[in-house]
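Accompanying notes for the structure given below.
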Amino acid sequence: MSTTESAAASTQYLTFKLGDEIFALDVAEVREILDFTTVTKVPRTPPFMRGVINLRGSVVPVMDLRLKFGMSATEQTVNSCIIVVELELEGDQVVIGVLADAVQEVIDLEPEQIEPAPKIGTKLNMEFILGMGKHNGTFMMILDIDKIFQGSDLEVEQSAA
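Next comes the structure, spelled out in structure tokens:
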């Protein structure tokens, strides 16, 4: 497939809420969505690492994106869930869970519906943002999950898990 053909293809994104903000992840990175469950705290980990869960016999670290992004901690509600994603860390595939206040829907976005992230006026580290998507008049931040958790963040997590 040529670059022109791939650029013209739409991509599906899972949208979810953190506080009042809407975020999106490429569905290719999402393995599953779980109801909020008991998270076992792990000592001496960063505050955004809420702990680990048992997912069919595997230990999966759970991160609170709200804390990672400088927001208040995720409060458990009836809509709270854990989005299980797969990301690349130093050439290896790693599975983690990220807390979300609510999952919304899977949407298709065409390349022309995605704009570069603004350089000012946001509380987030812009290197985590692939772009700003617009769907049905609503803007959402499209996250680069591989860049959110890299380097020392996950080294602590992997040695603790």
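In this note's numbering, the protein residues as written are 103 to 263.
C-beta atoms are modelled at their ideal positions from N, C-alpha and C, and glycine is treated no differently.
Legend entry - Residue range of the beta strand (DSSP E) that includes R168: Careful: R168 lies outside any beta strand (DSSP E), inside the alpha helix (DSSP H) at L167 to K170.
Inset, instruction - Return yes when the Cβ of V154 is within less than 8 Å of the Cβ of T142, no when it is not. - result: Closer than 8 Å, so yes.
Inset, instruction - State the DSSP-derived secondary structure class of V154, mapped to helix, strand or coil. - result: In this structure, V154 counts as strand in the three-state DSSP scheme.
Inset, instruction - Look at the Cβ atom of V187, then the Cβ atom of R133, and state whether they are nearer than 8 Å. - result: With contacts defined as CB atoms closer than 8 Å, V187 and R133 qualify as a contacting pair.
Inset, instruction - Give a yes or no on whether the C-beta atoms belonging to L120 and A175 are separated by under 8 Å. - result: Against a cut-off of 8 Å, the Cβ pair of A175 and L120 comes out as no contact.
Inset, instruction - Please work out which residues of its chain come closer than 6 Å, Cβ to Cβ, to N181, disregarding the five sequence neighbours upstream and downstream, and give them in chain order. - result: These residues qualify, in order along the chain: A204.
Inset, instruction - Measure from the alpha carbon of P220 to the alpha carbon of each residue in A130, P213 and M228, then state which is nearest. - result: Closest by alpha carbon: M228.
Legend entry - Reference I250; option with closest CA among Q178, L136, R168 and Y115: Closest by alpha carbon: R168.
Legend entry - Per-residue burial, V129 [other beta carbons within 10 Å of its own, 16 or more giving buried]: Exposed, since its Cβ has fewer than 16 Cβ neighbours within 10 Å.
Legend entry - 6 Å CB neighbourhood of L189 in its chain, flanking five on each side removed: Result list for L189: V196, I247 and D248, in chain order.
Inset, instruction - Check each candidate in R158, P218 and C183 and name the one with the smallest Cα separation from M165. - result: Per the Cα distances, C183.
Inset, instruction - Mark P163 as exposed unless 16 or more other C-beta atoms lie within 10 angstroms of its C-beta, in which case mark it buried. - result: The residue in question, P163, is buried, as its Cβ has 16 or more Cβ neighbours within 10 Å.
Legend entry - Endpoints, alpha helix (DSSP H) assigned at K119: Here K119 belongs to no alpha helix (DSSP H); instead the beta strand (DSSP E) covers T113 to L120.
Legend entry - Cut-off 8 Å between Cβ atoms - residues of its own chain near L232, not counting five sequence neighbours on either side: The answer, listed in chain order, is I216, A219, I244, L245 and D246.
Inset, instruction - Go to D246, then tell me how far its beta strand (DSSP E) extends in each direction, as first and last residue. - result: Careful: D246 lies outside any beta strand (DSSP E) and carries neither H nor E.
Inset, instruction - May I ask you to list the residues that DSSP assigns as paired with S160? - result: Bridge pairing for S160: L157 [DSSP].
Inset, instruction - Classify A130 as helix, strand or coil using the three-state DSSP reduction. - result: Helix at A130.
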